[in-house]
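Student: Protein chains in written order, with the UniProt record's numbering: chain A, 1 to 480; chain B, 1 to 480; chain C, 1 to 480.
This is the structure I have questions about; it appears just below.
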């Protein structure tokens, strides 16, 4: 049986292409950036990890159940979410509420199907984590699943695997979490006077109070009123309340950025009367889909104005069709791997915002996309012109070796390198963070090496650029 | 003169890239899959060939006149369809009806313009066919056209070139043809008790009875009533009639799949009353384009429901703007090389069907596209989530070396390999089938070899995957 | 300090990829085409340069201020247009009207920020121009800015840098400029009896008299009436006036082509009454945006009809959202680097025109795009079918090494090489013309070399094709 077990090795030249000339240059570039500290300016780790510094529980809870990249693939091949212990709606929302399923049996299913991840970034991140973080030397498979499970759990229980220790081991200089507008930031406040205060910051994500299509919108806006003492049924009061929360996030969470996960990139520039009317309808629950969209669009413009005032960098992540699988959504709720990208338009959508604020030197907007067709057609030309626009890295489904390469190949010639902002891991999978940043560094070095060997840039320029793409640009773009 | 004649040689490493490290791995992978039997689960060969086992007639009739890939290119360069013997509307529809043009003069025009095919898949398939099937060692050109023509005709007349002999020579384990819903499958029935019964099957393509935009829709539905004894003017009777035909295709044509060539991927989920109203209008010829579209969309959902009942795998081929060239259509009719892809949307379009049936473990849908932008944005995310969805291979204009490579590069990272279904040749050009499958095997081996040399998968994984992509996945996906 | 100065060298194998086998073949192909004369059939150089043959003024005026590729990048990084001497609206439109800013200070800003162009085609063209045209051996940087500036100005003042001398030095066999429909072509007429008459021709660009969304449309049409003596308020008179201007451009400007820069590729085929009604509204200033669009679309069809009559080749350049930056447009006017591509549809848009004229052997239309998604989906299939359609080269933002490669990779398999038309530089940056054509030749040779080393075409075919892509096809397509 054990002849089926394959060795797990991470080749030192992995992702550098197969071309020896490219590899040689990529190696030189990578050598200089591989040990630079990790800056993670956008992601979804749980701030309580850093505030409480408790050990993680077990392999399945840490690596499978919260990772929709992983369970979406298993689900696509006919493995039920029940068997993976994914809690259903009505069950307690947190994972701990759904302990009917033995974590070890979840792990076994995962191991039995590990071949599904061949050639995917998840497979790559997992292998790198197993090798680099836990020291495994055999690839995970059905035969060694138990061994893997026990070994991971054993290590997770040690002091070396507490979050603070891992922050140091992973060389994470800074990590930003993301919290909703109503969050009181207890974990970030707890960190306030600790050595980790500077290293763990939040980002302000107000989708819950600006997206009137949410079931809980009205409640959220009511809560916003409570928290701020503003009359949020009044357009001015509503904006003032949001302003207060931004200030709160800056003060108590050390936020330097906001984040906006809208279905589209639409922006609007309406007059006060129109805004009040939309707010009224949104709160009354009578807004049509188009009006909800317009309301979100107006808010993007308002939030850009606030960014000019308070200096928070604005991240726009449009284009996900959330919860596409209706049956699954009804049974399991949000974030169950059923978010599907859809075609996204930027040129007309952003025009109202840009017409109002696009030339203001105080404004910094970082644009993301799930629609790769916009790289060369819309995003690079926009970022290559407007001083307020920069391009975020390849996002989500495109946060992958080939995806990152396409990002550079399709944006660099028009936007250059200096209108981009380095890498985001955008993850809740804490243990995979080093692997993810390592992929980005390797792919960038490979891309630069190709330009060098094709005689498009010099090796000297490539060294400077490798540093900027890894460390320089992200600190500058996120004002860190 | 003869110094212009170039040698025709097929390099053993063709399509493996120029990189020696990649070539070396690709060779190893290819060595193990090159002789696996051909499974051709979707195509348009003529079932009478297999039922009657007669010799083919001549080179022009076999290789040029029925191949719209070939004559579209000639036409684009100003060569008239008349001169290629393409029958006009009103002439007998079958090729034999239009013998005004000497086949040899058609062949000469083709040979004179053979340089137009440099770098195209047609050129590649033709060269491979000339070399491997007929044994030519010089490239076709104006000077050797006659020699070629006579030699091909001579060989075509031999017993070794009868369809059954070629099935064996080509190592075709199974080939599926495609018939309309009203077809009585005489050729498949004739094969019933022969050794070829298992090797030649049909697919059920009901476009003629579900597409109300067709001139012959009303007649077709009337014929459907006749064949089944159902009242096809009643929504339930209409569906029951289609159900009967599916059963007929399973029984008499050994069908395991259906096929749907719709202009878009739209699906719908209407109530009975709405369905009856649409059917009424469709039959009365009063349905608007939007209603015709909605009707087709509703049918896709109904047909998915039937697939759950009877187990037929559903293939959806959307996105061709048929008969774009109006003048040509009026003079020559359908399928004259003037079908043009158009932008295709899947995420919203498929939602009604998926909301109803997408999580049913009994449903298998294979999605195709002519719009490559959907690979990474829509199709890979959908197939990487829904258990009912798989991705068909690069289709039609994209069934080409670079097209296939883009398919893998843009789908693998999100959907993996196991949500794909191997290769389809989708052709009526019988002699080119080995060449087409060979291209797919070579390109897949090359892609896998790149992953191996880039250290993203191991050689062992690559061997397993090469087998799956060539032989394993297609048998599983099409239930063969 | 001077240790920061990098050597400027142009590697002989640049842009040939890093693969030695590819490089070897690319070198052989390039060797045979590198010295072929330059044919520049579409561009925006100033015809007065060739008519008057005066020396250019200074480095900033020649290389920075008129080049929106250059100043858009600087602007995107927060450098104000004022500091670059870009004239504001109301100031005299020509560059000379805005001499508040010392050209040398503009040059210094440019040099200080030259690193922004790393990896961009502008960077590549500039380096090649500095090296090949001016003989610099160090890369431009903040330290040698003055030296560069003075040296360039010194050389610009010599007889060897007069336009005619440069035409010879650059081996430009023919260059086409582009003039609006109302232009009296004084410069082209001046050249009439000179040796340069055959080498400098115009193209007819009637956007100013067919685009009713322009502020000056009504005036332009009035001027059209004056020039031609036609009643341009009458549909027939209006068309007759345009016909006259085309004849004028043929006679006095030796035009062989027209050019159409429309927001979309829409065409229409309306009846006379509808046309007259649209013209009435357009002239009255009451046409809606949709009507203006329809009017432009109708004109494309009319202009195609005129091309059939007079033989002028039609170029369609759709898809730019002009003057996207509203604030900039208000202050600085048109063409300030704020044109952004937008999604462009061809299949439905061109159908009316193609239905009317698409099969006419006398019609030649060259299609361009800023939307790369249309290469494989729409444009290659259209050009691979319609005898009247050919594909223009990678345009504007995509006129770059990676952009050109994508063009070939995504069009060749469906359209072949013979439905393309060679290279256009499309530039007003006269000094960069050799560098731009050299990039195209290198990238084409590289692409062909990849096909050769991948055993898809023979070396003999590649040599033929390299010649065609460089010199043969452009002369044929533009009837030169």
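Glycine included, each C-beta is placed from N, C-alpha and C at the ideal position.
What does the alpha-carbon distance come out to for the pair residue 271 of chain B and residue 239 of chain A?
Tutor: Roughly 44 Å separates the two Cα atoms.
Student: Determine whether the Cβ of residue 408 of chain C lies closer than 8 Å to any Cβ atom of chain A.
Tutor: Not one chain A Cβ lies under 8 Å of residue 408 of chain C.
Student: Entirely within the segment 339 to 418 of chain C and at least 4 residues each: give me those alpha helix (DSSP H) ranges in chain order.
Tutor: For the segment 339 to 418 of chain C, whole alpha helix (DSSP H) runs of length 4 or above, ordered along the chain, are 351 to 357, 380 to 383, 401 to 415.
Student: Got a sec? Which residues, its chain only, sit under 6 Å from residue 429 of chain A by beta carbon, not counting five neighbours each side?
Tutor: Result list for residue 429 of chain A: 67, in chain order.
Student: What's the C-alpha gap between residue 467 of chain A and residue 350 of chain A?
Tutor: Taking the straight line joining both Cα atoms gives about 31 Å.
Student: The beta strand (DSSP E) that contains residue 260 of chain C, what's its start and end?
Tutor: From DSSP, the beta strand (DSSP E) with residue 260 of chain C extends over 257 to 260.
Student: In the DSSP assignment, find the alpha helix (DSSP H) that holds residue 309 of chain B and state where it starts and stops.
Tutor: Residues 289 to 310.
Student: Under 8 Å between C-beta atoms, does residue 202 of chain A make it to chain B?
Tutor: No, residue 202 of chain A does not count as interfacial toward chain B.
Student: So the alpha helix (DSSP H) residue 433 of chain C belongs to, where does it begin and stop?
Tutor: Looking at the DSSP string, the run of the alpha helix (DSSP H) that includes residue 433 of chain C is 433 to 453.
Student: Would you call residue 461 of chain A buried or exposed, if buried means 16 or more other Cβ atoms sit within 10 Å of its Cβ?
Tutor: Looking at its Cβ environment, which holds 16 or more other Cβ atoms inside 10 Å, residue 461 of chain A is buried.
Student: Let's see if you can read the secondary structure: which residues bound the alpha helix (DSSP H) around residue 173 of chain A?
Tutor: Taken as a continuous stretch (DSSP letters only), residue 173 of chain A belongs to no alpha helix (DSSP H), being part of the beta strand (DSSP E) at 172 to 176.
Student: Can you grab the Cα-Cα spacing for the pair residue 204 of chain C / residue 51 of chain C, in whole Å?
Tutor: In a straight line, the C-alpha of residue 204 of chain C is about 18 Å away from that of residue 51 of chain C.
Student: If you drop the 5 nearest sequence neighbours on each side, which residues of the same chain put their C-beta closer than 8 Å to that of residue 35 of chain B?
Tutor: Answer for residue 35 of chain B: 171, listed in chain order.
Student: Is any beta-carbon of chain E found at less than 8 Å from that of residue 124 of chain A?
Tutor: Absent here is chain E; the protein component of the structure consists of chains A, B and C.
Student: Strictly below 7 Å CB to CB, what residues from chain C border residue 404 of chain B?
Tutor: Result: empty, since nearest Cβ-Cβ is about 10 Å, beyond 7 Å.
Student: Kindly list the residues whose CB is nearer than 7 Å to the CB of residue 159 of chain B, restricted to its own chain and excluding five residues on each side of it in sequence; keep chain order.
Tutor: Counting only Cβ-Cβ distances below 7 Å, and skipping sequence neighbours, we find 165.
Student: Assign residue 229 of chain B to one of two classes, buried (16 or more other C-beta atoms within 10 Å of its C-beta) or exposed (fewer than that).
Tutor: The residue in question, residue 229 of chain B, is exposed, as its Cβ has fewer than 16 Cβ neighbours within 10 Å.
Student: Let me confirm a value: residue 11 of chain C is counted as buried when at least 16 other C-beta atoms fall within 10 Å, else exposed. Which label applies?
Tutor: Classification of residue 11 of chain C: exposed, given that the 10 Å Cβ count is below 16.
Student: Which one or two residues does DSSP pair with residue 511 of chain B in a beta bridge?
Tutor: Given that chain B is displayed from residue 1 to residue 480, the structure contains no residue 511 of chain B and the question cannot be resolved.
Student: Secondary structure at residue 251 of chain B, three-state DSSP: helix, strand or coil?
Tutor: Helix at residue 251 of chain B.
Student: Just the C-alpha distance for residue 114 of chain A and residue 15 of chain A, rounded to the nearest angstrom, thanks.
Tutor: When rounded, the distance between both Cα atoms is 21 Å.
Student: Just the Cα atoms here: how many angstroms apart are residue 253 of chain C and residue 328 of chain B?
Tutor: Those two C-alpha atoms are separated by around 37 Å.
Student: Verify the contact flag: residue 314 of chain B, CB atom, against every heavy atom of the ligand ATP, threshold strictly below 7 Å.
Tutor: In the structure on display, the ligand ATP does not appear, and there are no ligands present to speak of.
Student: What are the residues in the segment 428 to 457 of chain C lying within 7 Å of chain B by C-beta distance?
Tutor: For the segment 428 to 457 of chain C, which is checked against every Cβ of chain B, the residues closer than 7 Å are 450, 451, 453, 454, 455, 456, 457.
Student: Under 7 Å Cβ-Cβ, which residues of chain C neighbour residue 17 of chain B?
Tutor: By Cβ distance, chain C contributes 454.
Student: Does the Cβ of residue 89 of chain A have 16 or more other Cβ atoms within 10 Å, making it buried, or fewer, making it exposed?
Tutor: Exposed.
Student: Can you check which of these residues, A:389, A:356, A:128, A:338, is closest to residue 396 of chain A by C-alpha distance?
Tutor: Taking only the C-alpha atoms, the option nearest residue 396 of chain A is A:338.
Student: Under 8 Å, do residue 119 of chain A and residue 417 of chain B count as touching if we go by C-beta distance?
Tutor: Yes, they are a contact pair.
Student: Hey, how far is the Cα of residue 47 of chain C from the Cα of residue 317 of chain A?
Tutor: The alpha-carbon atoms of residue 47 of chain C and residue 317 of chain A are separated by roughly 47 Å.
Student: Give the secondary structure of residue 39 of chain B by DSSP, where H, G and I count as helix, E and B as strand, and everything else as coil.
Tutor: Three-state result, residue 39 of chain B: strand.
Student: Reducing DSSP to helix, strand and coil, say where residue 458 of chain C ends up.
Tutor: It is coil, neither helix nor strand.
Student: Quick one: any contact between the segment 71 to 88 of chain A and the segment 206 to 222 of chain A, if contact means 3 or more CB pairs under 8 Å?
Tutor: The segment 71 to 88 of chain A vs the segment 206 to 222 of chain A: no contact.
Student: For residue 461 of chain A, decide whether its Cβ has a neighbour in chain C, counting only Cβ atoms nearer than 8 Å.
Tutor: By this cut-off, residue 461 of chain A is an interface position.
Student: What are the boundary residues of the alpha helix (DSSP H) that residue 23 of chain C is part of?
Tutor: Looking at the DSSP string, the run of the alpha helix (DSSP H) that includes residue 23 of chain C is 20 to 33.
Student: Would a check of beta-carbon distances place residue 34 of chain B closer than 8 Å to chain A?
Tutor: Chain A, which has no Cβ nearer than 8 Å to the Cβ of residue 34 of chain B, makes this no.
Student: In or out: residue 470 of chain A buried (at least 16 other Cβ within 10 Å) or exposed?
Tutor: The residue in question, residue 470 of chain A, is buried, as its Cβ has 16 or more Cβ neighbours within 10 Å.
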